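There are 2 protein chains.
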Amino acid sequence: MNIGQAAAASGVSAKMIRHYEAIGLIPPAGRSAAGYRSYGDPDVQVLRFIRRARDMGFGIDGIAELLALWRDRTRASADVKRLAEARIADLRQRIGHLMAMVETLEALSASCSGDDRPDCPILKGFETGDLSPAAGAGGIGGPPRRRHPAGPAAG
Amino acid sequence: MNIGQAAAASGVSAKMIRHYEAIGLIPPAGRSAAGYRSYGDPDVQVLRFIRRARDMGFGIDGIAELLALWRDRTRASADVKRLAEARIADLRQRIGHLMAMVETLEALSASCSGDDRPDCPILKGFETGDLSPAAGAGGIGGPPRRRHPAGPAAG
DNA sequence: GATAGGGCTTCCCATCATGGGAAGGTCAAG
DNA sequence: CTTGACCTTCCCATGATGGGAAGCCCTATC
Chain F
1 MNIGQAAAAS GVSAKMIRHY EAIGLIPPAG RSAAGYRSYG DPDVQVLRFI RRARDMGFGI
61 DGIAELLALW RDRTRASADV KRLAEARIAD LRQRIGHLMA MVETLEALSA SCSGDDRPDC
121 PILKGFETGD LSPAAGAGGI GGPPRRRHPA GPAAG
Chain H
1001 MNIGQAAAAS GVSAKMIRHY EAIGLIPPAG RSAAGYRSYG DPDVQVLRFI RRARDMGFGI
1061 DGIAELLALW RDRTRASADV KRLAEARIAD LRQRIGHLMA MVETLEALSA SCSGDDRPDC
1121 PILKGFETGD LSPAAGAGGI GGPPRRRHPA GPAAG
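Taken in sequence, the protein lines are chains F and H.
Going by our numbering, the first sequence opens with residue 1, and the numbers climb by one from there.
Going by our numbering, the second sequence opens with residue 1001, and the numbers climb by one from there.
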C-alpha cells in the first residue's frame, strides 16, 4: 500500500503521515525499490489510533505516551487512565477559559444597543479594562496566558 | 517611553509589540535619534486595548477590525456587536468540541478499572473507533476538523 | 517506444501568537 | 571609559497542518 492509500484508509493525510515519521512518532515506513513508502494493515491501524487520539485533543507527546502504552501489553490500565484524566482536566480548564470569555463578551454585548448610534459599551470595556467577568477571571486557573492559540482566528 | 516601559505598562511583551508593528496591526512607532522606538500614553492605550481583545479570544484579524471600529467615531454600535457575537458563536463552537471530547474521554475513563491489570477499554476505544459520544459528535458543527491545535500538548 | 497524467519523493514556506537567543549598537551610572 | 541594562535586527522553534515547486516513477494509451 502506498502512502496515498494508507492516508485514505486511516484518515490521516499523506502530509501528516510523513510528518509523524519525520518527528519519530511512527517508525520509518518500508520503501519500495523506487523509494515509495509502503504500508500494511497494522500500520494503518496505528495511524487510525493516532487520528482518534488527536480527535480527543491529545498532542504529539500525549499520543506518543498513548502509543507506548498501547504497544506495551503489560502496562497497567491505571497508567492509561491517568493520561486520560490528565487530558480531561486540561480540556476542562480550557473550557473554563473559553466560558469566561463568553460570559464577558455576552455581558458586554447585552449592554450594547446594537443600533446605528456610535456609543458602544463593548469598545468601552476593552478600552477601560472594565471586563468584569474576565478581569479577575480565568479564575479557574489564572489568566489565559496560553502559549498557543486556542483555535482559528476570528474571521 | 521606550519599548520596555510600554510593554510593562500595557501588558504586551516587547517582542509582541514589534511583531504587531511588523504585521501592520499598529502603526510604526516613532524613533529616537538612536533608532529606539518611542511610545506615548495613547500608544500604550492601544496596546492595552489589543491585549484585552486577545484575552477575549480575538485573533489578529478580529482585533484589526475592532481597532478600526474603535478609532472610527462614527461607527454604528451594531457593527461592534456583530463582531462580538461572531466571537461568542465561535467560542461556543469550540466549547462544544471540547465538551464532546470530555464526554468521550470520561465515558472511556469510567469504564476503565484503573488498576494494575493491563486490560483497558480506553485504548480499546481508540483502537476500534468505538468512541460513542464523539463518533457522530462534533454534532454541534461537524467533526472537529480544525486547522490548528486546540492547545498545548498533553503533558 | 513515446507521451500524458497522476502519484510519489524531498524541500521550503505559511499559518498564529509567542518566546528564545545571537550579534551588535546605545545609554545612563559609576 | 567600563559596565550592565536596554535597544536594534534577524533567525529559529513551537504544534498541526496545508500549499506548492522540482523532479522521479508508474501505468495506460496511442
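From the three backbone atoms N, C-alpha and C, an ideal C-beta is built for every residue, glycine too.
Bear in mind that the values here come from a model prediction, so they are computed numbers and not experimental data.
**Study point:** Inter-residue Cα distance where the pair is serine 1003(H) and tyrosine 1036(H)
**Key:** Looking at the sequence itself, residue 1003(H) is isoleucine, so the reference to serine does not match. If I take the Cα positions, the gap works out to 8 Å.
Check your understanding: Is the beta carbon of valine 1012(H) sitting closer than 8 Å to the one on isoleucine 1050(H)?
Key -> Result yes, Cβ atoms of valine 1012(H) and isoleucine 1050(H) sit closer than 8 Å.
Review point. Do the region 1102-1117 of chain H and the region 71-82 of chain F make contact, defined as three or more Cβ pairs closer than 8 Å?
Key: yes
Point to revise | CA-to-CA distance, arginine 1048(H) to leucine 83(F), given in whole angstroms | key: Roughly 38 Å separates the two Cα atoms.
Check your understanding: So phenylalanine 58(F) is in the alpha helix (DSSP H); what residue range does that whole segment cover?
Key -> It is not in any alpha helix (DSSP H) - phenylalanine 58(F) carries neither H nor E in the DSSP assignment.
Practice item. Could you name the residues of chain H that lysine 81(F) contacts, counting a contact when the two beta carbons are closer than 7 Å? Key: Think of a sphere of 7 Å around the beta carbon of lysine 81(F): the chain H residues whose beta carbon falls inside it are Ser1109, Cys1112, Gly1114, Ile1122, in chain order.
Review point. Anyone know if the C-beta pair for leucine 1108(H) and proline 1121(H) falls short of 8 Å?
Key: yes
Exercise for review: Put arginine 1082(H) into one of helix, strand or coil per three-state DSSP.
Suggested key: helix
Check your understanding: Any idea what DSSP makes of glycine 125(F), helix, strand or coil?
Key -> helix
Review point. In this structure, does DSSP put glycine 159(F) in helix, strand or coil?
Key: Since the first residue of chain F shown is 1 and the last is 155, residue 159(F) is not available in this structure.
Review point. Aspartate 1072(H) to glutamine 93(F), Cα distance in whole Å?
Key: 36 Å
Review point. In whole angstroms, what is the alpha-carbon distance linking arginine 180(F) and leucine 67(F)?
Key: The structure shown does not extend to residue 180(F), since chain F spans only 1 to 155, so no value can be given for it.
Review point. What span of residues does the alpha helix (DSSP H) with arginine 1018(H) cover, start to end?
Key: Judged by DSSP secondary structure, arginine 1018(H) falls within the alpha helix (DSSP H) whose first and last residues are 1014-1022.
Practice item. Note down, in chain order, each residue of its chain lying with its Cβ closer than 6 Å to the Cβ of histidine 19(F), except the 5 sequence neighbours on either side. Key: none
Check your understanding: If you count every other CB in all the chains shown that lies within 10 Å of the CB of glycine 57(F), and 16 or more means buried, which is it?
Key -> buried
Review point. Going by DSSP, what residues sit across from arginine 1037(H) in a beta bridge?
Key: In DSSP, arginine 1037(H) forms a bridge with Arg1031(H).
**Study point:** Neighbour flag for alanine 1009(H) against chain F, beta carbons, 8 Å
**Key:** no
Check your understanding: Along the chain, where does the alpha helix (DSSP H) that runs through serine 1010(H) open and close?
Key -> 1003-1010
Practice item. Determine whether the Cβ of serine 77(F) lies closer than 8 Å to any Cβ atom of chain H. Key: yes
Point to revise | Close beta carbons around lysine 124(F), own chain, < 8 Å, minus the five adjacent residues each side | key: Asp130
**Study point:** Three-state class that DSSP yields for threonine 1074(H) in the structure shown
**Key:** coil
Check your understanding: Can alanine 6(F) and valine 46(F) be called in contact, C-beta distance under 8 Å?
Key -> No, they are not a contact pair.
Exercise for review: State the DSSP-derived secondary structure class of glycine 1114(H), mapped to helix, strand or coil.
Suggested key: DSSP, reduced to helix, strand and coil, places glycine 1114(H) outside both helices and strands of the structure shown, so it counts as coil.
**Study point:** chain F contact for aspartate 1041(H) (CB, 8 Å cutoff)
**Key:** no
Practice item. Indicate whether at least one CB of chain H lies closer than 8 Å to the CB of isoleucine 17(F). Key: Not closer than 8 Å to any Cβ of chain H, the Cβ of isoleucine 17(F) fails to qualify, so no.
Point to revise | Of the listed residues Leu1069(H), Thr1128(H), Arg1117(H), nearest to phenylalanine 126(F) (C-alpha basis) | key: Leu1069(H)
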